[in-house]
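Numbering (the numbering used here), first residue to last: 556 to 909.
Beta carbons are placed, not taken as given, at the ideal position from N, Cα and C, and that holds for glycine.
A quick note: this is a predicted structure, and the numbers were derived from the prediction, not measured.
The structure appears right after this line, and notes come after that.
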Ligand code: UD1
Ligand code: UDP
């Protein structure tokens, strides 16, 4: 089959790697980068590190409002689909790139699979929740990470097309971690010791675009009495600059790091605090306790196992749990065994071509 595979934002580049390797054996994959993320440290660095082939198309969408960004991607995507006439498409996750590609595919009658289908926060104030609902409503095949996602889809009347394959982010992590350990010198560069620091990421609009929440989180991070490494997403850097906070010496705000450095920072952290979906899961896979800086999460199984705790943006909650949150000894497999991409490829091999 000729498969048009869509990526646009940081986690999608990482997710694409194991899937491209698995489907590339049997199918011709045309990789389309929407250009939603474009800074070197948000985009090209992942292609370089993970040796993902250069996308056949870069739609150059860039940053904009929700509607404009989605619309820009849709317009260019339509041209690509009309030109390439793919047999099938793959979209992943919950970004504006995902919804834009899904809408165009559905209207041009190109069947498509959604990887990471069925996840729900049940918070429709999140753009990602809207994207997920629409994309899952239109997709022909739903590849789910979690049992919860399968149940959410069932509750929405989506059944026959659903397969729980596990998390392709776990595939990527397992594949890359040994390489990351040998290649990354991030601990030396930052002059930090294993398990003697915490790692924090913040990028959700609910935190970055609300000065009260962002100040509250930063105020907690400032008071932890521990080295805190905070690789900042560009939207967070802008929000922090606007707040003009006084930050202590133990809080290290650095540029976004590559995947090798990120995996090494995660594996060696004593604690991770994040509002990222990918980082919550990676904390679990690395058996590092995680505080989630949100009021709800799609990744409920990580919370149910006792390895992740929702602390919102409340400085007292964050500080009360910083040194006191201790996960149990049990650490079950919750999101598959790192073979999701192979399962996806196996199922796509059965797609009839008309
Ligand atoms: C997007 C996704 C989010 C995902 C995240 C991964 C949507 C609605 N959101 O959020 O689900 O978790 O990617 O990181 O699709 N910017 C730059 N350089 C870049 C990219 C972004 O400076 O290369 C800045 C711009 O000011 C931009 C802002 O970051 O306005 C937000 O970028 P955008 O892609 O719209 O959303 P994310 O917050 O990255
Ligand atoms: N990541 C990275 N460098 C960073 C921050 C994150 O390589 O500075 C990786 C992280 O390990 C995970 C993915 O990016 O694999 C998560 O992306 P992000 O937090 O931007 O989005 P989300 O998962 O919330 O959609």
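For ligand 2, list every residue whose C-beta falls under 5 Å from any of its heavy atoms, going in chain order.
-> What you get when you keep residues with a C-beta closer than 5 Å to any heavy atom of ligand 2 is 565, 566, 569, 786, 811, 812, 814, 817, 831, 832, 833.
Segment limits, beta strand (DSSP E) that includes residue 786 | Note, residue 786: beta strand (DSSP E), 782 to 786.
Can you tell which of 785, 796, 768 has the C-alpha that lies nearest to the C-alpha of residue 872?
-> Comparing C-alpha distances from residue 872 to each of 785, 796, 768 shows the shortest one belongs to 768.
Rounded to whole angstroms, how far is the Cβ of residue 654 from the Cβ of residue 670, which I believe are closer than 8 Å?
-> Not confirmed; about 14 Å, so no contact.
Would DSSP call residue 750 helix, strand or coil?
-> Coil.
Backbone secondary structure at residue 557 - three-state DSSP | Three-state DSSP puts residue 557 in a strand.
Figure out for me which residue from 701, 745, 711 has the closest Cα to the Cα of residue 688.
-> With distances taken between Cα atoms, residue 688 lies closest to 711.
Apart from the five residues on each side of it in sequence, which residues of its chain come closer than 6 Å, Cβ to Cβ, to residue 557?
-> When the five nearest sequence neighbours on each side are left out, the beta carbons in the same chain lying within less than 6 Å of the beta carbon of residue 557 are those of 583, 641, 642, in order along the chain.
Following the continuous alpha helix (DSSP H) through residue 836, name the residue where it begins and the one where it ends.
-> Taken as a continuous stretch (DSSP letters only), the alpha helix (DSSP H) holding residue 836 covers 832 to 840.
Exposure label - residue 657; buried when at least 16 CB within 10 Å = In this structure residue 657 is buried. Its beta-carbon is surrounded by 16 or more other beta-carbon atoms within 10 angstroms.
Taking the alpha carbon of residue 837 as the point to measure from, which residue in 611, 820, 849, 848 has its own alpha carbon closest?
-> Among 611, 820, 849, 848, the Cα nearest to that of residue 837 belongs to 820.
Which residue's Cα is closest to the Cα of residue 890: 764, 787, 702?
-> When each option's Cα is compared against that of residue 890, the closest is 702.
Continuous alpha helix (DSSP H) stretch holding residue 644: start and end = From DSSP, residue 644 is part of no alpha helix (DSSP H) but of the beta strand (DSSP E) over 643 to 647.
Roughly how many whole angstroms lie between the Cα atoms of residue 751 and residue 617?
-> If you take the alpha carbons of residue 751 and residue 617, they lie about 38 Å apart.
Taking C-alpha atoms, which residue in 842, 906, 901 lies nearest to residue 577?
-> For residue 577, the closest alpha carbon among the candidates 842, 906, 901 is that of 901.
Out of 833, 841, 622, state which residue places its alpha-carbon closest to the alpha-carbon of residue 674.
-> Answer by Cα proximity: 833.
With hydrogens ignored, establish whether the beta-carbon of residue 597 is closer than 6 Å to any heavy atom of ligand 1.
-> Residue 597 Cβ: within cutoff of ligand 1.
Which residue from 810, 757, 760 puts its Cα closest to that of residue 745?
-> Among 810, 757, 760, the Cα nearest to that of residue 745 belongs to 810.
Residues bridged to residue 668 [DSSP beta-bridge criterion] | Residue pairing by DSSP puts residue 668 in a beta bridge opposite 645, 696.
Starting from residue 899, follow the beta strand (DSSP E) in both directions and report where the run begins and ends.
-> Segment 895 to 903 is the alpha helix (DSSP H) holding residue 899; no beta strand (DSSP E) there.
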